[in-house]
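So in this note's numbering, spot 1 of the sequence shown is number 4, and the numbers just go up one at a time.
The beta-carbon is built from N, C-alpha and C at its ideal position, and this holds for glycine as well.
Note that the structure is predicted; figures quoted are calculated from it, not measured.
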Amino acid sequence: MHGTCIARVAEGLTVEGILETWIKLKPIVMEEWDENKDELIDLFGKVRDDWLQNDFSGWMGANRFYPGTADALRFASSKVYIVTTKQVIILKNT
Numbered sequence: 004m005h006g007t008c009i010a011r012v013a014e015g016l017t018v019e020g021i022l023e024t025w026i027k028l029k030p031i032v033m034e035e036w037d038e039n040k041d042e043l044i045d046l047f048g049k050v051r052d053d054w055l056q057n058d059f060s061g062w063m064g065a066n067r068f069y070p071g072t073a074d075a076l077r078f079a080s081s082k083v084y085i086v087t088t089k090q091v092i093i094l095k096n097t
């Protein structure tokens, strides 16, 4: 079913076109595919948590810090405060 929806919604669009019109396109896609924002957020969280629990190194490999960030934090000479949406387990294991 989603394959049909993808073709219908994306027909004639380029990557640039999607990026330029995403604000208008997103609600159309969500309605066409009968998706619910809260359910997708919940699913994302469950998949992330499962991945973290079962393959932490794999998750870290796919979600790396910007180059130099981890070392800069490790070797900071003053107190560092981190504001993030990441879970504490991720920060403690880097």
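Let's see if you can read the secondary structure: which residues bound the alpha helix (DSSP H) around residue i?
i: residue 32; result: 18 to 35
i: residue 49; result: 40 to 57
i: residue 67; result: That residue, residue 67, is in no alpha helix (DSSP H); it is neither H nor E in DSSP.
Tell me the rounded alpha-carbon separation between residue i and residue j.
i: residue 35; j: residue 12; result: 8 Å
i: residue 70; j: residue 76; result: 12 Å
i: residue 17; j: residue 72; result: 34 Å
i: residue 44; j: residue 30; result: 15 Å
i: residue 24; j: residue 50; result: 28 Å
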